[in-house]
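Novice: The structure's right below; bear with me while I get my questions together.
In my numbering, the protein residues as written are 40 to 309.
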(Lines of atoms letter the chains of each structure in order from A; the text may use other names.)
(Lines give C-alpha, C1' and ligand atoms only; values in the text may rest on other atoms or scores of the structure.)
Protein backbone atom coordinates (compact mmCIF):
# COMPACT_ATOMS: atom_id res chain seq x y z
CA UNK A 40 0.00 0.00 0.00
CA UNK A 41 0.95 3.65 -0.17
CA UNK A 42 0.85 5.00 3.36
CA UNK A 43 -0.76 8.45 3.46
CA UNK A 44 -0.87 10.92 6.34
CA UNK A 45 -2.42 14.38 6.12
CA UNK A 46 -2.17 17.27 8.57
CA UNK A 47 -3.27 20.90 8.72
CA UNK A 48 -2.96 23.75 11.21
CA UNK A 49 -3.72 27.46 11.38
CA UNK A 50 -1.66 30.58 11.98
CA UNK A 51 -0.51 31.26 15.50
CA UNK A 52 -3.08 33.34 17.44
CA UNK A 53 -5.87 32.35 15.02
CA UNK A 54 -8.44 29.53 14.93
CA UNK A 55 -9.16 26.66 12.57
CA UNK A 56 -12.18 28.57 11.28
CA UNK A 57 -9.70 31.21 10.03
CA UNK A 58 -7.60 28.66 8.12
CA UNK A 59 -7.45 29.18 4.34
CA UNK A 60 -5.53 25.98 3.46
CA UNK A 61 -7.43 22.92 2.31
CA UNK A 62 -6.60 19.37 1.28
CA UNK A 63 -8.45 16.19 0.34
CA UNK A 64 -7.66 12.57 -0.47
CA UNK A 65 -9.77 10.26 -2.62
CA UNK A 66 -8.56 6.76 -1.81
CA UNK A 67 -10.64 5.05 -4.50
CA UNK A 68 -9.44 7.31 -7.30
CA UNK A 69 -5.85 7.50 -6.05
CA UNK A 70 -6.01 11.30 -6.03
CA UNK A 71 -4.68 13.85 -3.53
CA UNK A 72 -4.66 17.64 -3.68
CA UNK A 73 -3.87 20.71 -1.60
CA UNK A 74 -4.71 24.36 -2.09
CA UNK A 75 -3.84 27.59 -0.31
CA UNK A 76 -6.49 30.28 -0.45
CA UNK A 77 -4.98 33.77 -0.61
CA UNK A 78 -5.85 35.75 2.50
CA UNK A 79 -6.07 39.07 0.61
CA UNK A 80 -9.10 37.78 -1.32
CA UNK A 81 -12.73 37.10 -0.38
CA UNK A 82 -13.84 33.62 0.74
CA UNK A 83 -10.52 32.04 -0.30
CA UNK A 84 -11.20 28.81 1.63
CA UNK A 85 -14.35 28.17 -0.39
CA UNK A 86 -12.34 28.59 -3.58
CA UNK A 87 -9.58 26.28 -2.32
CA UNK A 88 -12.23 23.68 -1.44
CA UNK A 89 -13.77 23.99 -4.89
CA UNK A 90 -10.45 23.41 -6.66
CA UNK A 91 -9.42 20.49 -4.48
CA UNK A 92 -12.71 18.58 -4.66
CA UNK A 93 -13.04 19.20 -8.40
CA UNK A 94 -9.70 17.45 -8.87
CA UNK A 95 -9.88 14.59 -6.38
CA UNK A 96 -13.59 13.76 -6.79
CA UNK A 97 -14.64 14.96 -10.25
CA UNK A 98 -11.49 14.40 -12.36
CA UNK A 99 -11.11 18.09 -13.21
CA UNK A 100 -8.02 18.81 -15.30
CA UNK A 101 -6.49 21.95 -13.74
CA UNK A 102 -6.12 24.71 -16.31
CA UNK A 103 -6.69 28.47 -16.33
CA UNK A 104 -9.17 27.99 -19.21
CA UNK A 105 -11.26 25.31 -17.47
CA UNK A 106 -12.73 27.15 -14.51
CA UNK A 107 -16.24 28.12 -15.60
CA UNK A 108 -18.25 25.56 -13.61
CA UNK A 109 -15.98 25.93 -10.57
CA UNK A 110 -16.41 29.70 -10.64
CA UNK A 111 -20.18 29.31 -10.88
CA UNK A 112 -20.19 27.02 -7.84
CA UNK A 113 -18.12 29.49 -5.83
CA UNK A 114 -20.30 32.42 -6.95
CA UNK A 115 -23.48 30.56 -5.95
CA UNK A 116 -22.10 29.89 -2.50
CA UNK A 117 -21.11 33.54 -2.08
CA UNK A 118 -24.53 34.71 -3.30
CA UNK A 119 -26.26 32.45 -0.77
CA UNK A 120 -24.14 33.96 1.98
CA UNK A 121 -24.88 37.45 0.70
CA UNK A 122 -28.62 36.86 0.77
CA UNK A 123 -28.48 35.40 4.27
CA UNK A 124 -26.61 38.47 5.48
CA UNK A 125 -29.22 40.76 3.95
CA UNK A 126 -32.05 38.80 5.55
CA UNK A 127 -30.34 39.14 8.92
CA UNK A 128 -30.03 42.90 8.47
CA UNK A 129 -26.25 42.91 8.24
CA UNK A 130 -24.29 45.31 6.01
CA UNK A 131 -23.26 43.80 2.68
CA UNK A 132 -21.97 46.77 0.71
CA UNK A 133 -18.28 45.83 0.99
CA UNK A 134 -18.90 42.33 -0.34
CA UNK A 135 -21.16 43.66 -3.08
CA UNK A 136 -18.47 46.15 -4.13
CA UNK A 137 -15.90 43.34 -4.37
CA UNK A 138 -18.19 41.30 -6.58
CA UNK A 139 -19.10 44.28 -8.75
CA UNK A 140 -15.41 45.09 -9.21
CA UNK A 141 -14.71 41.40 -9.94
CA UNK A 142 -12.41 41.01 -6.95
CA UNK A 143 -12.85 37.38 -5.99
CA UNK A 144 -10.74 34.68 -4.37
CA UNK A 145 -7.31 33.42 -5.35
CA UNK A 146 -5.77 30.04 -4.56
CA UNK A 147 -2.65 28.07 -5.41
CA UNK A 148 -2.92 24.36 -6.20
CA UNK A 149 -1.07 21.05 -6.27
CA UNK A 150 -2.65 17.70 -7.05
CA UNK A 151 -1.43 14.27 -8.07
CA UNK A 152 -3.03 11.04 -9.25
CA UNK A 153 -1.56 7.54 -9.06
CA UNK A 154 -2.01 5.66 -12.33
CA UNK A 155 -0.76 2.33 -10.95
CA UNK A 156 1.32 1.10 -8.03
CA UNK A 157 4.24 3.43 -8.79
CA UNK A 158 3.56 5.97 -11.54
CA UNK A 159 1.85 9.27 -10.82
CA UNK A 160 1.09 12.48 -12.67
CA UNK A 161 -0.30 15.78 -11.55
CA UNK A 162 -0.56 19.54 -11.77
CA UNK A 163 0.89 22.46 -9.84
CA UNK A 164 0.22 26.20 -9.86
CA UNK A 165 1.97 28.59 -7.51
CA UNK A 166 3.71 27.71 -4.26
CA UNK A 167 1.56 24.83 -3.09
CA UNK A 168 4.30 22.33 -3.81
CA UNK A 169 5.11 18.68 -4.31
CA UNK A 170 8.47 17.78 -2.78
CA UNK A 171 10.20 14.53 -3.69
CA UNK A 172 12.38 12.92 -1.01
CA UNK A 173 14.86 10.10 -1.70
CA UNK A 174 15.60 7.06 0.47
CA UNK A 175 18.21 9.06 2.40
CA UNK A 176 15.69 11.85 3.11
CA UNK A 177 17.33 14.34 0.77
CA UNK A 178 15.16 16.65 -1.33
CA UNK A 179 15.55 15.67 -4.98
CA UNK A 180 12.87 17.89 -6.53
CA UNK A 181 10.48 20.68 -5.60
CA UNK A 182 7.59 21.07 -8.04
CA UNK A 183 6.07 24.56 -8.18
CA UNK A 184 5.58 27.36 -10.69
CA UNK A 185 7.34 30.72 -10.72
CA UNK A 186 11.05 31.18 -11.21
CA UNK A 187 11.56 33.72 -8.47
CA UNK A 188 12.12 33.03 -4.78
CA UNK A 189 9.10 32.34 -2.57
CA UNK A 190 7.19 35.59 -2.06
CA UNK A 191 3.71 37.04 -1.54
CA UNK A 192 2.84 37.05 -5.25
CA UNK A 193 2.55 33.41 -6.39
CA UNK A 194 0.72 32.07 -9.42
CA UNK A 195 -2.92 31.28 -8.66
CA UNK A 196 -6.40 30.43 -9.91
CA UNK A 197 -8.97 33.23 -9.60
CA UNK A 198 -12.62 32.63 -8.72
CA UNK A 199 -14.05 35.36 -10.99
CA UNK A 200 -11.73 36.33 -13.82
CA UNK A 201 -8.08 36.16 -14.76
CA UNK A 202 -5.60 34.49 -12.47
CA UNK A 203 -1.84 34.35 -12.75
CA UNK A 204 0.59 31.92 -14.32
CA UNK A 205 0.25 28.68 -16.24
CA UNK A 206 -0.17 25.24 -14.73
CA UNK A 207 2.79 22.86 -14.87
CA UNK A 208 2.06 19.22 -15.65
CA UNK A 209 4.26 16.98 -13.53
CA UNK A 210 4.91 13.23 -13.33
CA UNK A 211 7.14 10.71 -11.63
CA UNK A 212 7.57 7.30 -10.06
CA UNK A 213 7.25 6.47 -6.39
CA UNK A 214 9.97 3.87 -5.84
CA UNK A 215 10.72 2.01 -2.64
CA UNK A 216 12.19 4.39 -0.06
CA UNK A 217 11.00 7.51 -1.89
CA UNK A 218 8.54 9.86 -0.21
CA UNK A 219 6.31 12.58 -1.63
CA UNK A 220 5.30 15.62 0.42
CA UNK A 221 2.45 17.89 -0.60
CA UNK A 222 2.96 21.15 1.29
CA UNK A 223 1.64 24.69 1.25
CA UNK A 224 3.96 27.67 0.99
CA UNK A 225 5.20 28.16 4.56
CA UNK A 226 6.54 24.63 4.88
CA UNK A 227 7.68 24.55 1.24
CA UNK A 228 9.76 27.69 1.68
CA UNK A 229 11.13 26.41 4.99
CA UNK A 230 12.35 23.10 3.51
CA UNK A 231 13.72 24.92 0.46
CA UNK A 232 15.78 27.15 2.76
CA UNK A 233 17.19 24.08 4.53
CA UNK A 234 18.32 22.31 1.35
CA UNK A 235 21.75 20.82 1.94
CA UNK A 236 20.92 20.31 5.60
CA UNK A 237 17.37 19.11 5.21
CA UNK A 238 17.55 15.48 6.33
CA UNK A 239 17.09 16.30 10.03
CA UNK A 240 13.96 18.31 9.30
CA UNK A 241 12.55 15.73 6.89
CA UNK A 242 13.09 13.01 9.51
CA UNK A 243 11.04 15.00 12.03
CA UNK A 244 8.18 15.34 9.54
CA UNK A 245 8.21 11.64 8.67
CA UNK A 246 7.93 10.71 12.34
CA UNK A 247 4.59 12.52 12.76
CA UNK A 248 1.68 10.17 13.39
CA UNK A 249 -0.86 12.44 15.13
CA UNK A 250 -2.41 15.86 14.65
CA UNK A 251 -1.05 17.15 17.96
CA UNK A 252 2.48 16.07 17.02
CA UNK A 253 2.22 18.06 13.80
CA UNK A 254 1.01 21.18 15.58
CA UNK A 255 3.71 20.92 18.23
CA UNK A 256 6.47 20.60 15.61
CA UNK A 257 5.14 23.53 13.57
CA UNK A 258 4.91 25.69 16.70
CA UNK A 259 8.44 24.71 17.67
CA UNK A 260 9.84 25.58 14.24
CA UNK A 261 7.99 28.89 14.25
CA UNK A 262 9.68 29.79 17.53
CA UNK A 263 13.17 28.40 16.99
CA UNK A 264 13.66 28.06 13.22
CA UNK A 265 11.84 31.09 11.77
CA UNK A 266 9.17 29.04 10.02
CA UNK A 267 6.75 31.61 8.59
CA UNK A 268 3.59 32.02 10.66
CA UNK A 269 1.01 30.89 8.14
CA UNK A 270 -1.62 28.21 7.67
CA UNK A 271 0.33 25.02 7.08
CA UNK A 272 -0.58 21.77 5.34
CA UNK A 273 1.44 18.56 5.02
CA UNK A 274 0.46 15.38 3.18
CA UNK A 275 3.00 12.54 3.32
CA UNK A 276 2.96 9.66 0.80
CA UNK A 277 5.24 6.67 1.32
CA UNK A 278 5.46 3.70 -1.03
CA UNK A 279 4.82 0.32 0.55
CA UNK A 280 4.46 -2.18 -2.33
CA UNK A 281 0.77 -1.91 -3.06
CA UNK A 282 -1.50 -0.38 -5.68
CA UNK A 283 -3.85 1.36 -3.23
CA UNK A 284 -3.73 4.36 -0.96
CA UNK A 285 -4.05 3.58 2.72
CA UNK A 286 -4.96 6.62 4.81
CA UNK A 287 -3.32 6.19 8.22
CA UNK A 288 -4.32 9.61 9.54
CA UNK A 289 -6.13 12.53 7.92
CA UNK A 290 -7.03 15.83 9.56
CA UNK A 291 -10.48 17.13 8.72
CA UNK A 292 -10.68 20.92 8.78
CA UNK A 293 -14.43 21.06 9.41
CA UNK A 294 -14.11 18.67 12.32
CA UNK A 295 -11.19 20.64 13.76
CA UNK A 296 -13.28 23.81 13.58
CA UNK A 297 -16.17 22.14 15.41
CA UNK A 298 -14.12 20.49 18.15
CA UNK A 299 -10.84 22.27 18.89
CA UNK A 300 -12.09 25.83 18.26
CA UNK A 301 -15.15 25.23 20.46
CA UNK A 302 -13.00 23.61 23.14
CA UNK A 303 -10.72 26.65 23.18
CA UNK A 304 -13.66 29.06 23.43
CA UNK A 305 -15.17 27.09 26.32
CA UNK A 306 -11.84 27.08 28.16
CA UNK A 307 -11.57 30.86 27.82
CA UNK A 308 -15.10 31.41 29.14
CA UNK A 309 -14.60 29.26 32.27
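Every residue, glycine too, gets a C-beta built ideally from N, C-alpha and C.
Computed from a prediction, not measured in an experiment: that's the story for all the values here.
When you compare the region 248-266 with the region 285-296, are there three or more beta-carbon pairs, one atom per stretch, that lie closer than 8 Å?
Specialist: Touching, yes.
Novice: With H, G and I counted as helix, E and B as strand and the rest as coil, what does DSSP make of residue 304?
Specialist: Since pLDDT at residue 304 reaches only 44, below the 50 mark, its modelled position is unreliable, and no value is offered.
Novice: Residue 257 to residue 266, Cα distance in whole Å?
Specialist: Using only the alpha carbons, I get a separation of about 8 Å.
Novice: Would you decide whether residue 212 is buried or exposed? Buried here means 16 or more other CB atoms lie within 10 Å of its CB.
Specialist: exposed
Novice: If I follow the unbroken alpha helix (DSSP H) through residue 232, where does it start and stop?
Specialist: 224-232
Novice: Just to confirm the assignment: which complete alpha helix (DSSP H) runs, minimum length 4, are found wholly within the region 124-186?
Specialist: 132-139
Novice: Residue 280 by DSSP, collapsed to three states: which one?
Specialist: coil
Novice: Looking at residue 41 and residue 279, is the spacing between their C-beta atoms short of 8 Å?
Specialist: In this structure, residue 41 lies closer than 8 Å to residue 279 by Cβ.
Novice: Run through DSSP, which three-state label would residue 255 get?
Specialist: In the structure shown, residue 255 falls within a helical segment according to DSSP collapsed to helix, strand and coil.
Novice: For residue 130, count neighbouring C-beta atoms within 10 Å of its own C-beta (all shown protein chains included) and say buried if the count is 16 or more, exposed if not.
Specialist: exposed
Novice: Would you check if the region 231-248 and the region 202-209 touch, i.e. whether three or more CB-CB distances between them fall below 8 Å?
Specialist: no
Novice: Give me, in chain order, the residues of the same chain whose beta-carbon lies closer than 7 Å to that of residue 79; leave out the 5 immediate sequence neighbours on both sides.
Specialist: none
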